[in-house]
DNA sequence: TGGGTGACGAATT
DNA sequence: AAATTCGCCACCC
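In full-length UniProt numbering, the protein residues as written are 1 to 128.
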């Protein structure tokens with residue numbers, strides 16, 4: 001996977017927003033796309049998180065030591081679909097992990113469903 | 001370079 | 001309420 005300057009900016013923006021999702025809250029792929037000014041790219045937000053380990057590794061390789069992204073602190077599990085469910089993706093291991101991490105934050109997950117009325121985080125804008 | 005793909009979302013059965 | 005369809009568009013062959 002190769003990163004253009006364009007896609008690097010995209011990934012940085014995504015991770016910057018994800019880092020701002022408060023503990024005990026969740027938001028959607030689409031809302032992150034909206035917040036970074038690319039409302040049509042919700043699917044790409046999903047892809048960015050799907051490959052976040054690899055992407056962050058490569059971003060860090062090319063980044064100065066000051067602003068490295070700590071992948072272990074990136075709360076990717078707080079991003080779910082707009083319908084409030086943990087997005088299905090072939091293997092269930094990741095989904096189970098996400099459910100456990102959400103539950104650890106006090107978020108109630110029924111099956112794969114989270115109440116966005118209760119836990120949703122949908123600001124109109126954020127600092128990037 | 002054209003067509004398949006998808007951690008999406010909204011509308012429509 | 002749940003499943004399908006459809007629009008979307010950057011990626012990746």
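Glycine included, every Cβ here is placed at the ideal spot set by N, Cα and C. Predicted model only: the values in this text are computed from it and were never measured.
By Cβ distance below 7 angstroms, which residues in the same chain neighbour residue i in space, the five residues on each side in sequence not counted?
{"i": "residue 116", "result": "26, 84"}
{"i": "residue 14", "result": "32, 36, 45, 48"}
{"i": "residue 16", "result": "128"}
{"i": "residue 21", "result": "27, 75, 78, 121"}
Would you call residue i buried or exposed, if buried means 16 or more other Cβ atoms sit within 10 Å of its Cβ?
{"i": "residue 64", "result": "exposed"}
{"i": "residue 37", "result": "exposed"}
{"i": "residue 78", "result": "buried"}
{"i": "residue 66", "result": "exposed"}
{"i": "residue 41", "result": "buried"}
{"i": "residue 119", "result": "buried"}
For residue i, which residues in the same chain have their Cβ closer than 6 angstroms to its Cβ, ignoring the five residues on either side in sequence?
{"i": "residue 87", "result": "81"}
{"i": "residue 155", "result": "The structure shown does not extend to residue 155, since the chain spans only 1 to 128, so no value can be given for it."}
{"i": "residue 113", "result": "84, 85"}
Kindly list the residues whose CB is nearer than 8 angstroms to the CB of residue i, restricted to its own chain and excluding five residues on each side of it in sequence; keep chain order.
{"i": "residue 59", "result": "3, 8, 11, 12, 69"}
{"i": "residue 109", "result": "86, 99, 102, 103"}
{"i": "residue 106", "result": "24"}
{"i": "residue 39", "result": "30, 33"}
{"i": "residue 1", "result": "51, 54, 55, 58"}
{"i": "residue 18", "result": "32, 49, 74, 75, 76, 78, 79"}
On the three-state DSSP scale, how would you describe residue i?
{"i": "residue 107", "result": "coil"}
{"i": "residue 130", "result": "With the chain running from 1 to 128 in the structure shown, residue 130 is simply not present."}
{"i": "residue 8", "result": "helix"}
Measure how close the beta-carbons of residue i and residue j come, nearest whole angstrom, since I'm counting them as under 8 angstroms.
{"i": "residue 45", "j": "residue 32", "result": "5 angstroms"}
{"i": "residue 51", "j": "residue 71", "result": "Going by Cβ atoms, the distance from residue 51 to residue 71 rounds to 11 angstroms, so no, they are not a contact pair."}
_My parser needs the alpha helix (DSSP H) runs of 4 or more residues fully inside the segment 13 to 72; what are they?_
29 to 35, 42 to 50, 52 to 61
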